Amino acid sequence: MRAELQARKLWQTVNENLVPPTDEKALEAYNTKNELATSMIYRAVSDDVLLMIFFSTSTKEVWDKLKPIYLGSNFPRRFTILQKLR
């Protein structure tokens, strides 16, 4: 997902240091990018995960909620199991 967001120049919406602009036109562009990135993430996750992130208000918030799910302490173990299954 990170690679896809980067390829579409939307990764900055996940950046914690990004402050929404105050200029109306720039704010509209910012909101469009934020909504597009969030939509891409929504379409990429399973329904049970979607329920956990659906009411987030920004892409950053969505990403922060997904981190422990996909990069939690048991991720290396799951990755190893998936590699063995393949």
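If you use my numbering, the sequence shown corresponds to residues 12 to 97, in order.
Positions of the beta carbon are idealized from the N, C-alpha and C atoms, including for glycine.
Predicted model only: the values in this text are computed from it and were never measured.
| message | For a quick check, are the C-beta atoms of Thr24 and Lys44 less than 8 Å apart? | response | Indexing the sequence shown from 1 puts residue 24 at position 13. Indexing the sequence shown from 1 puts residue 44 at position 33. Against a cut-off of 8 Å, the Cβ pair of Lys44 and Thr24 comes out as a contact.
| task | Compute the Euclidean distance between the alpha carbons of Leu47 and Gln94, then round it to the nearest angstrom. | result | Stepping through the sequence shown from its first residue, residue 47 is reached at position 36. Stepping through the sequence shown from its first residue, residue 94 is reached at position 83. In a straight line, the C-alpha of Leu47 is about 32 Å away from that of Gln94.
| Ala37 versus Val30: straight-line alpha-carbon distance, rounded | Along the sequence shown, read from residue 1 onward, the residue named residue 37 stands at position 26. Along the sequence shown, read from residue 1 onward, the residue named residue 30 stands at position 19. One C-alpha to the other measures close to 11 Å.
| said: Distance check for Leu16 and Tyr53, CA to CA, integer angstroms please. | reply: Here residue 53 refers to the residue found at position 42 when the sequence shown is read from its first residue. Here residue 16 refers to the residue found at position 5 when the sequence shown is read from its first residue. Distance between the alpha carbons of Tyr53 and Leu16 is about 13 Å.
| Cα-Cα separation, Glu72 to Ala40 | In the sequence shown, counting from the first residue as 1, residue 72 sits at position 61. In the sequence shown, counting from the first residue as 1, residue 40 sits at position 29. For Glu72 and Ala40, the distance between alpha carbons rounds to 19 Å.
| message | Which of the three DSSP states is assigned to Arg19 in this structure? | response | Numbered from 1 along the sequence shown, position 8 holds the residue referred to as residue 19. Looking at Arg19 - three-state DSSP - the assignment turns out to be coil, as it is neither helix nor strand.
| field | Straight-line Cα distance separating Asp75 from Ala14 | value | Sequence index remark: in the sequence shown, residue 14 carries index 3 (1-based). Sequence index remark: in the sequence shown, residue 75 carries index 64 (1-based). C-alpha separation (whole angstroms): 17 Å.
| query | Starting from Asp34 and walking both ways along the alpha helix (DSSP H), at which residues does that stretch end? | reply | One-based indexing of the sequence shown puts residue 34 at position 23. Here Asp34 belongs to no alpha helix (DSSP H), and DSSP marks it neither H nor E.
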